[in-house]
Amino acid sequence: MDDPVSTLMAIVGCSEDEAVSLLCQCDFDVAAAVALHTASPAEDPEPPVASPPSPPAPPVEPEGPRYVMDQLVDGLHDAPPPRALRERYAFEAAQDTRLQAKFTTPSFVDITEGYFRNICELGVKENKWVLLVLRDTSFPSCCVTRDVWNSPAMETTASNFVVHEVDVTRDYGREVASSYQFYTQHLPSMFIIDPITHHCETEVPLKATQRHEYDGCAVVNHLLEFVMSFSSPREYAKKQDDAFLQGSEPVAEVVDCDEAPPVAAPVPSVEPAVAAPPTPLPQPVSLAEWEVPASADGAFRLRCRLPRRSAPLELVLRSETPVAVLVDYLSWKVHDEDSLTYTAPPAIVLRGGFPPKELDTPDGATLASWAGVRSGEMLTVQIKN
């Protein structure tokens, strides 16, 4: 059994809250939790009342240790479960050492407490985004370690971030959460912080099933898309500064009125310059002739994530649509949504798959014949350097 709570509930017959409490005390070691449950004496609400000594009971032949599984069937069956069944549960609880490893926080997750500004300074020094995780002591928060931190490809993806996890049940965690006015009613939660401005850029969605199982691959995919769209914190800050300077007004020169005005030098006669022709505006690119209804037969669905765009661009096209037309449309779309940064449609590359890799766009290829791309694929648009 992969779920320690279900395993412990099946063995000792306790409720889910009692199973979580026992596992937390034993660092999620199921065998130790079973031993703790069987060794715990029953709680007596009142001190025992002294009674007169009773005659000694007749000797009874020993029946061996009382197994935990025997407690599950008291009052239900006359005979205890077979020994083979008891041994199988004990073996699964004692031998599954991988279970404890899944709930162990890996080394790339920083759980130290101090000052959050030190974490941001480390992000500036290493030119990495800060991945802030809010959690508490509940079992769903422990499942983030199992399903996200210990998921495949997470350690490689986390190399682009300074991963910092805080516990909101402690003073330091509450201080960090309140400084950003994060809600702590729905935990765990994950955010990407700009280490230069300390601004929260986005929230990473954590979707769980009723059994508290998180999709670690979806988290990895979201983080990779963010890095490809925004690059590193320094490059993102440089683009923001360049965009601000392009849109700023020229600064007027300050002249001291007390000084004598300078004598103007004679202006040589020059021929009037011929005005350069205005730069033509980029022509819009449309996919209207290739679009089809979502219910059409053979419709090819694509989701495209563009830079600076929060939600993916949904496209439903004919399978005969040329790949070159799609590339031209996405390039123009990048310019149209951010004409201040991109004065003309930029050169782009498309990435797809998991983990995302650069896709070839051969001449003459259509969506139906495009190698490595299927209907329903998520494509990431990246500006070519």
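Counting along the sequence shown from 1, when you hit position 54 you're at 54 in full-length UniProt numbering, and nothing is skipped either side.
We put the CB at the ideal spot given by N, CA and C, even for glycine.
Sequence-distant Cβ neighbours of residue 116 in its own chain, meaning closer than 6 angstroms and more than five residues away, are 176.
Pairing residue 204 with residue 191, the inter-Cα distance amounts to about 6 angstroms.
Under the DSSP assignment, residue 281 falls outside any alpha helix (DSSP H); it carries neither an H nor an E label. By a beta-carbon distance limit of 8 angstroms, residue 361 does not contact residue 316. Their separation comes to about 20 angstroms. CA-CA distance, residue 187 to residue 198, rounds to 22 angstroms. Contact annotation: residue 225 and residue 305 have beta-carbon atoms nearer than 8 angstroms. Runs of beta strand (DSSP E) with 3 or more residues, each lying fully within the stretch 92 to 161, are found at 129 to 135, listed in chain order. At the C-beta level, residue 329 and residue 287 come within 8 angstroms of one another. The three-state reading of DSSP puts residue 164 in strand, counting E and B together. Selection 103, 233, 169 evaluated against residue 145 yields 103 as nearest (Cα-Cα).
Excluding five sequence positions before and after residue 141, the CB atoms of its chain that fall closer than 7 angstroms to its own CB belong to 135, 187, 188, given in chain order. Residue 12 sits in a helix when the DSSP states are folded into three classes. Of all C-beta pairs linking the stretch 156 to 163 to the stretch 112 to 130, three or more are shorter than 8 angstroms, placing the two stretches in contact. Between residue 285 and residue 318, the C-beta spacing is not below 8 angstroms. Apart from the 5 residues on each side of it in sequence, residue 143 sits with its Cβ closer than 8 angstroms to the Cβ of 208, 212, 213, 214 in its chain, given in chain order. The three-state secondary structure of residue 382, taken from DSSP, is strand. Of the candidates 195, 228, 349, the residue whose Cα lies closest to the Cα of residue 121 is 195. For residue 337, the enclosing alpha helix (DSSP H) begins and ends at 323 to 337. Here residue 309 carries a coil assignment [DSSP, helix/strand/coil]. Secondary structure of residue 352 (DSSP, three-state): strand.
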